[in-house]
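To start, the structure under review is shown below, and the notes come after it.
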Amino acid sequence: MLEIAGLQVGYGEIRVLEDCSLRVERGEIVSLLGANGAGKTTLMRAVSRLIDPGAGTISFEDADITRAPASRVVEAGIAQVPEGRKLWPDMSVEDNLLLGAYAKRARAHIDRSLEEVYALFPRVKQRRRQIAGTLSGGEQQMVAIGRGLMSRPSLLMLDEPSLGLAPIIVAEVFASIRAINARGVTVLLVEQNVAGALELASRGYVLETGRIVMQGSREELLASEMVRKAYLGL
Numbered sequence: 662m663l664e665i666a667g668l669q670v671g672y673g674e675i676r677v678l679e680d681c682s683l684r685v686e687r688g689e690i691v692s693l694l695g696a697n698g699a700g701k702t703t704l705m706r707a708v709s710r711l712i713d714p715g716a717g718t719i720s721f722e723d724a725d726i727t728r729a730p731a732s733r734v735v736e737a738g739i740a741q742v743p744e745g746r747k748l749w750p751d752m753s754v755e756d757n758l759l760l761g762a763y764a765k766r767a768r769a770h771i772d773r774s775l776e777e778v779y780a781l782f783p784r785v786k787q788r789r790r791q792i793a794g795t796l797s798g799g800e801q802q803m804v805a806i807g808r809g810l811m812s813r814p815s816l817l818m819l820d821e822p823s824l825g826l827a828p829i830i831v832a833e834v835f836a837s838i839r840a841i842n843a844r845g846v847t848v849l850l851v852e853q854n855v856a857g858a859l860e861l862a863s864r865g866y867v868l869e870t871g872r873i874v875m876q877g878s879r880e881e882l883l884a885s886e887m888v889r890k891a892y893l894g895l
């Protein structure tokens, strides 16, 4: 479904990603692990076409999107839920959700998409008329995920969805990711909570200083001494 090959990305003269390659198959949850500054968000931004790669290719559904405009990427079926949620704080919850349905592929299904988001997040439905900036962090994260789903993606990329949330809310967010995947949406997950990320995912990659240094199944990564020491504290 998603194929990244030899990706190089930088900001000015600073190289952030170096020869990164990974793939995400349809129906999977794949976790991208790594410390702060490893390049995880940069990789997602390159896929979303918010930043230009210096080299390498990005393919989605067998189409080359390496130089495609961001609008075409969304129309193709990729949605990114950014780190920090990035809601419009002075707008209502429902208006924030509706802004996620601007893509042509999503406009004909707005009512159905809202129903699906509200079924997934009943608390969001209760707060739909509330100003988004007044929500708790967990509620805002639910709205951010819902906004991504409003574009009716086939691939949902989530950047640090548990960041700053209480453990009980993290469990709710992770359960929602599992439910989204069960509906047929493929997920690429960037998550500092490595144990939780690997519990969700079938496969994963480890990114260090801009390079993929390890990949494998959930079981292989959990058994890796490097992963256990560096990310699980074992």
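Taking our numbering, the leading residue of the sequence shown gets 662, the next gets one more, and so forth.
We put the CB at the ideal spot given by N, CA and C, even for glycine.
None of the values given here were measured: they were computed from a predicted structure.
- The beta-carbon distance between Ala793 and Trp749, rounded to whole angstroms, is 6 Å. This is short enough to meet the 8 Å contact definition.
- When the five nearest sequence neighbours on each side are left out, the beta carbons in the same chain lying within less than 8 Å of the beta carbon of Ala740 are those of Gly761, Gly809, Leu810, Ser812, Pro814, Leu816, Leu817 and Met818, in order along the chain.
- Excluding residues up to 5 positions away in sequence, Gly799, Gln802, Met803, Ile806, Pro822, Ser823 and Leu826 lie with their Cβ nearer than 8 Å to the Cβ of Val834 in the same chain.
- Runs of the alpha helix (DSSP H) lying entirely within the stretch 696 to 768 and spanning at least 4 residues, in chain order: 701 to 708, 731 to 737, 754 to 760 and 765 to 768.
- The stretch 718 to 726 and the stretch 757 to 777 do not touch, with fewer than 3 CB-CB distances between them shorter than 8 Å.
- When DSSP states are grouped into helix, strand and coil, Gly667 belongs to the strand group.
- The residues Ala699, in chain order, have a CB closer than 7 Å to that of Thr870 in the same chain once the five nearest residues on each side in sequence are set aside.
- Under the rule that a run must span 3 or more residues, the beta strand (DSSP E) segments found entirely inside the stretch 782 to 839 read 816 to 820.
- Non-local C-beta neighbours of Val742 in its own chain, meaning closer than 8 Å and more than five positions away in sequence, comprise Ala805, Ile806, Arg808, Gly809, Leu817, Met818, Leu819, Asp820 and Pro822, ordered along the chain.
- Secondary structure at Ser885: coil, using DSSP grouped into helix, strand and coil.
- Per DSSP, Gly857 is one residue of the alpha helix (DSSP H) stretching across Val855 to Leu861.
- Taking every protein chain shown into account, the CB of Arg788 has 16 or more other CB atoms within 10 angstroms, so this residue is buried.
- Note that the C-beta distance between Leu711 and Tyr866 is not below 8 Å.
- Between Glu736 and Ala764, the CB-CB gap stays under 8 Å.
- Under the three-state reduction of DSSP, Glu674 is assigned to coil, being neither helix nor strand.
- Short of 8 Å from the beta carbon of Gly688, and not among the five residues preceding or following it, lie these beta carbons of its own chain, in chain order: Asn842, Gly845 and Thr847.
- For the 8 Å CB-CB criterion, Ile690 and Ala862 form a contact.
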